[in-house]
Amino acid sequence: MRLPDYTYDNDCALQLDEKDDLHHFRNKFYFSGKDQIYLDGNSLGRLPLATQDLLHNNINAKWGNELINSWNQGWYELPETISRKIASIVGAGEDEIATCDSTSINLYKLAQAALNRQKGRTQIVSDELNFPTDLYVLQSIISRSGNNHKLVIAPSNDGDNQVRTEELSGLINENTAIVMLSHVTFKSAFMYDMQKINEIAHRNGAIVIWDLSHAAGAVPLQLSASDADLAVGCTYKYLNGGPGSPAFLYVNKKLQNELVPPIWGWFGEQQPFDFNPQYRPAHGIRKFMVGTPPILSLAAVEPGLNLILEAGINNLRVKSVSQTEYLIFLAKRFLLPLGFKFGSPLDPKARGSHVSLQHPESYRICRALIHPIDGHPAVIPDFRAPDNIRFGITPLYTTFSEIYRAVRRVEEIVKIRLYEKYSDKRNAVT
Ligand SMILES: Cc1ncc(COP(=O)(O)O)c(C=O)c1O
30 MRLPDYTYDN DCALQLDEKD DLHHFRNKFY FSGKDQIYLD GNSLGRLPLA TQDLLHNNIN
90 AKWGNELINS WNQGWYELPE TISRKIASIV GAGEDEIATC DSTSINLYKL AQAALNRQKG
150 RTQIVSDELN FPTDLYVLQS IISRSGNNHK LVIAPSNDGD NQVRTEELSG LINENTAIVM
210 LSHVTFKSAF MYDMQKINEI AHRNGAIVIW DLSHAAGAVP LQLSASDADL AVGCTYKYLN
270 GGPGSPAFLY VNKKLQNELV PPIWGWFGEQ QPFDFNPQYR PAHGIRKFMV GTPPILSLAA
330 VEPGLNLILE AGINNLRVKS VSQTEYLIFL AKRFLLPLGF KFGSPLDPKA RGSHVSLQHP
390 ESYRICRALI HPIDGHPAVI PDFRAPDNIR FGITPLYTTF SEIYRAVRRV EEIVKIRLYE
450 KYSDKRNAVT
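Residue numbers for the sequence shown follow the numbering used here, beginning at 30 and rising by one.
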């Protein structure tokens, strides 16, 4: 991929925005009118304008007027409609994705089912960069297994927040039941080579479960082509589905018959409205669903997916790499001299769509950035302990000018020690 030649002035940012073929997608999102630079789409994506109308319609016309009839006018099929669109974004077959529950719950369902399938193998392999909920779910499964299962954690390389493939592969053997990793890790954005890890695991008879929360909608994925076994992911980050929107799960066709879901609910039954007292698993992916879908949150997912499909995930990736590289280029010049270090890989092939910068005062710098004073914009990244500021790049709506202004604002806040005016007391959500 050939990247433009960047320069350190604001004109460069303006020119990059002018040449950006995806620039018009920004107009498809809601903006409050405040001078606000939002670099946290890796945590909660912006609100697509189409979602406002769609929710309004679902609340008033459907729930309000049609009430229960709405289930027979599209609501019942909605999970499948959404799942087909997610499948096309993550490179899965149409009948390999179910949209339901939260990422944590989907991980529990798939990890437990995989562990039951892998009888006699006692080891689960993960890494220390994984998101805590993933590790908690694995710990909870092990705590109840009674089979002496053990969680083995691959360490990250000190200093660059990555896990070496050799390090991980050294832990995978004929005793490994599951390998469970985030494809793009939440703090550093380190990205695994999915195909390579699948191959290593399969050679040893292990099943791989990928958490795609920071990957779906951010980087191109080829779940089927890379022979991925299982995956989970959320829809509220790069897919712009809204706060707490339902998650998805992926089960490769080849495993669908073999795996038995650990929770048998009526939405995973062959004919829920037969009200059969004896559970009969639905055929295919639907058996991994459990209860009634949260229709309003589910409906809100579709417009964000439509935008990604329209823009094309490969085009989004090209812009994302160009923007993360631009941020790194500026940070080297303006921020490293002020005591910042990179908390993300510098090789774009090993990086997702956010860049972490580390500084001993990261929390207070974040507080100062978020607070709009004296005509300065509010810059909204987020903080991840102990010392990371994550700058999320969402190419559907992030501009080069925003990146330029954000980096220069960080520089200013540190130079004039403005952060010293802010408390180190942590908010509930950082
Ligand atoms: C990588 C990753 N996995 C899982 C989760 C949690 O997902 P949920 O709250 O949908 O269970 C998050 C939340 O941010 C995450 O970043």
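Cβ atoms here follow ideal geometry from the backbone N, Cα and C, with glycine treated the same way.
The structure displayed is predicted, hence computed values, not measured ones.
Check	Outcome
From the DSSP output, read off the bridge partner residues of G9.	The first residue shown for the chain is 30 and the last is 459, placing residue 9 beyond what the model contains.
Can you tell me whether DSSP reads S211 as helix, strand or coil?	strand
On the three-state DSSP scale, how would you describe T427?	coil
Taking I409 as part of the alpha helix (DSSP H), name the residues at either end of that continuous run.	No alpha helix (DSSP H) contains I409, which is instead part of the beta strand (DSSP E) from 407 to 409.
Whole angstroms is fine: what's the gap from D69's alpha carbon to V289's?	37 Å
By the three-class DSSP mapping on this structure, what secondary structure does T80 have?	helix
Give the range of the beta strand (DSSP E) segment to which L386 is assigned.	383 to 387
Please work out which residues of its chain come closer than 7 Å, Cβ to Cβ, to A311, disregarding the five sequence neighbours upstream and downstream, and give them in chain order.	G297, E298, Q299
Are there three or more Cβ pairs, one per stretch, closer than 8 Å when the region 50 to 69 is compared with the region 338 to 347?	yes
So what does DSSP say about K63, is it helix, strand or coil?	coil
From F58 to W239, what distance separates their C-alpha atoms?	29 Å
For ligand 1, is there a heavy atom less than 8 Å away from the beta-carbon of F317?	no
Could you compute how far the alpha carbon of Q224 sits from the alpha carbon of R193?	15 Å
For the structure I just gave you, are there three or more beta carbon pairs, one from the region 128 to 141 and one from the region 345 to 355, closer than 8 Å?	no
Tell me, please, which residues DSSP counts as bridged to G421.	H383
If I measure Cβ to Cβ from N135 and keep anything under 6 Å in the same chain, skipping five residues before and after, which residues do I get?	V261, A276, L278
At what residues does the alpha helix (DSSP H) containing K225 begin and finish?	223 to 232
Buried or exposed: W293, going by 16 or more other Cβ atoms within 10 Å of its Cβ?	exposed
For Q152, which three-state DSSP category applies?	strand
Going by DSSP, what residue range makes up the alpha helix (DSSP H) through L45?	39 to 48
Are there 16 or more other CB atoms within 10 angstroms of the CB of Y165, so buried, or fewer, so exposed?	exposed
Quick one: give me the first and last residue of the beta strand (DSSP E) that F277 is part of.	277 to 280
Which runs of the beta strand (DSSP E) spanning at least 3 residues fall entirely within the region 92 to 175, listed in chain order?	126 to 128, 152 to 156
Measuring CB to CB, does A435 end up less than 9 Å from D64?	no
Which residues share a DSSP beta bridge with W239?	L210, A260
On a Cα-Cα basis, can you pick out the residue from I324, P366, H383, L425 that is closest to Y105?	I324
Indicate the three-state DSSP secondary structure (helix, strand or coil) for V192 in the structure shown.	coil
Does E339 come out as helix, strand or coil in the three-state DSSP assignment?	helix
Is the CB-CB distance between S274 and Y265 below 9 Å?	yes
State the start and end residues of the unbroken alpha helix (DSSP H) segment that holds A183.	It is not in any alpha helix (DSSP H) - A183 instead sits in the beta strand (DSSP E) that spans 179 to 183.
State yes or no: is the C-beta of P184 within less than 9 Å of the C-beta of E203?	no
Tell me the DSSP secondary structure of A56 in three-state form.	Residue identity differs from the one stated: residue 56 is Asn in this sequence, not Ala. Correct three-state label for N56: helix.
At the level of alpha carbons, what is the spacing between N89 and S99?	11 Å
Taking 8 Å as the cut-off, is the C-beta of K266 nearer than that to any heavy atom in ligand 1?	yes
Around the Cβ of Q191, are there at least 16 other Cβ atoms within 10 angstroms (buried) or fewer (exposed)?	buried
Measuring CB to CB, does Q387 end up less than 9 Å from K361?	no
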